[in-house]
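**Q** For reference, the structure I am asking about is given below.
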Ligand SMILES: [Zn+2]
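This is the structure:
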């Protein structure tokens, strides 16, 4: 199996495993959509099938389907932090049970950023003095969220996102048409996870749609619809991401003004803004959105922020 944008990391891992130097506890870190889960499955196959894994035996197929009885994804509450009870039951306590097939048992703990320091501490001993059949694969976005004591006991590997070309190739292989694949991978700088999220019409698609609605309102000089679109966002993170997309649309409007053509999403909306405003105004608007987003880590009041932006836009 090809791991997009991860060939060099894959070779390092293959070589470590082939020489018996693959650690029993591995931490994969990389941004959202960089392919941490795919890499975790690959390492599980390295540990259980061989180096490099064949990709077609029963073990490999079961791991790819997340149904191998000895490759366990530690569960957590949907969408939130890991809860104490299930973490102990499904992981810490469960680890004393021998593997089904007498071989090894791999625990995959995803998004360790969501593990409280207490839960991280609870696995220290397990990682340090594991039963001979135990292997651990951890993933996280930011290693700064991991305790130093954990980091000193695992081997870290960083995942960088694939290049836009590799990303587009991967999207094409999963059935996306060439044009959309190229545009998406360009928009998201090769982040396969985000591209897929848009194709699947999930949360990301919703944020883009909202940004497009806000942009359309700007083009119509419709203050009410602009504020309404932004007010829809429930949390700070969604708000900031919507503004990020809005910045892209405004930049595209500027590009259209200068005779270029817009990116994939919001072509119509960007063209609308380009037709309705001067270059100077579009630049001012871009600055305003950019300014607000650069402050979004501060505890901005979203209602006030929306009022500010509305007044700066129209
Ligand atoms: Zn295999």
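Numbering (the numbering used here), first residue to last: 2 to 315. The beta-carbon is built from N, C-alpha and C at its ideal position, and this holds for glycine as well.
Pick from 229, 208, 124: whose alpha carbon is nearest that of residue 319?
**A** Because the chain here runs from 2 to 315, residue 319 falls outside it and cannot be looked at.
**Q** When the Cα of residue 172 is compared with those of 312, 187, 127, which residue comes out closest?
**A** Along the chain shown, one-based indexing puts residue 172 at 171. Selected option, being the one with the closest Cα: 187.
**Q** Decide if the region 262-279 is in contact with the region 214-231; the criterion is three or more beta carbon pairs, one per stretch, under 8 Å apart.
**A** As far as the Cβ criterion goes, the region 262-279 touches the region 214-231, which means the pair count is three or higher.
**Q** Cβ atoms of residue 294 and residue 241: under 9 Å apart, would you say?
**A** Looking up residue 241 in the chain shown gives position 240. Looking up residue 294 in the chain shown gives position 293. Going by C-beta atoms, residue 241 is nearer than 9 Å to residue 294.
**Q** Tell me where the alpha helix (DSSP H) around residue 98 begins and ends.
**A** Against the chain shown, residue 98 aligns to sequence position 97. Run containing residue 98: none; DSSP gives neither H nor E here.
**Q** Can you name the start and end residues of the alpha helix (DSSP H) that residue 61 belongs to?
**A** Taking the chain shown and counting its residues from 1, one reaches residue 61 at position 60. Counting along the chain, the alpha helix (DSSP H) containing residue 61 begins and ends at 59-65.
**Q** State the DSSP-derived secondary structure class of residue 26, mapped to helix, strand or coil.
**A** Here residue 26 refers to the residue found at position 25 of the chain shown. Strand.
**Q** May I ask whether a heavy atom of ligand 1 can be found less than 8 Å away from the beta carbon of residue 68?
**A** For the purposes of this step, residue 68 is taken as residue 67 along the chain shown, with counting starting at 1. Checking every heavy atom of ligand 1 against the Cβ of residue 68, none is found closer than 8 Å.
**Q** Kindly identify the DSSP beta-bridge partner or partners of residue 110.
**A** Counted from its first residue, the chain shown places residue 110 at position 109. In DSSP, residue 110 forms a bridge with 139.
**Q** Pair every Cβ in the region 222-230 with every Cβ in the region 185-205, then say whether three or more of these pairs are closer than 8 Å.
**A** They do not touch, by the three-pair rule.
**Q** Which residue from 70, 87, 52 puts its Cα closest to that of residue 120?
**A** By one-based count along the chain shown, residue 120 stands at place 119. When only C-alpha atoms are compared, the closest one is 87.
**Q** Let me check understanding here. Comparing Cα to Cα, which of 234, 152, 93 lies closest to residue 132?
**A** The count along the chain shown starts at 1 and reaches residue 132 at position 131. Nearest of 234, 152, 93 to residue 132, Cα basis: 93.
**Q** Among the candidates 291, 263, 255, whose CA atom is the shortest distance from the CA of residue 277?
**A** In the chain shown, residue 277 corresponds to position 276, counting from 1. Ranking 291, 263, 255 by Cα distance to residue 277 puts 255 first.
**Q** From which residue to which residue does the beta strand (DSSP E) around residue 199 run?
**A** Your numbering for residue 199 matches position 198 in the chain shown. That residue, residue 199, is in no beta strand (DSSP E); its alpha helix (DSSP H) goes 193-200.
**Q** Classify residue 33 as buried or exposed, calling it buried when 16 or more other Cβ atoms lie within 10 Å of its own Cβ.
**A** By one-based count along the chain shown, residue 33 stands at place 32. Residue 33 should be labelled exposed.
**Q** Starting from residue 74, follow the beta strand (DSSP E) in both directions and report where the run begins and ends.
**A** Stepping through the chain shown from its first residue, residue 74 is reached at position 73. Its beta strand (DSSP E) spans residues 72-74.
**Q** For residue 205, does the count of other Cβ atoms within 10 angstroms reach 16, so buried, or fall short, so exposed?
**A** Your numbering for residue 205 matches position 204 in the chain shown. The residue in question, residue 205, is buried, as its Cβ has 16 or more Cβ neighbours within 10 Å.
**Q** How far does the beta strand (DSSP E) with residue 158 in it extend, from its first residue to its last?
**A** As a working note, residue 158 is residue 157 in the chain shown. That run of the beta strand (DSSP E) goes 156-159.
**Q** Apart from the five residues on each side of it in sequence, which residues of its chain come closer than 6 Å, Cβ to Cβ, to residue 146?
**A** Residue mapping note: residue 146 aligns to position 145 of the chain shown, counting from 1. Closer than 6 Å at Cβ, skipping near neighbours: 114.
**Q** Do you know how far the Cα of residue 170 is from the Cα of residue 117?
**A** The residue given as residue 117 occupies position 116 in the chain shown. The residue given as residue 170 occupies position 169 in the chain shown. When rounded, the distance between both Cα atoms is 38 Å.
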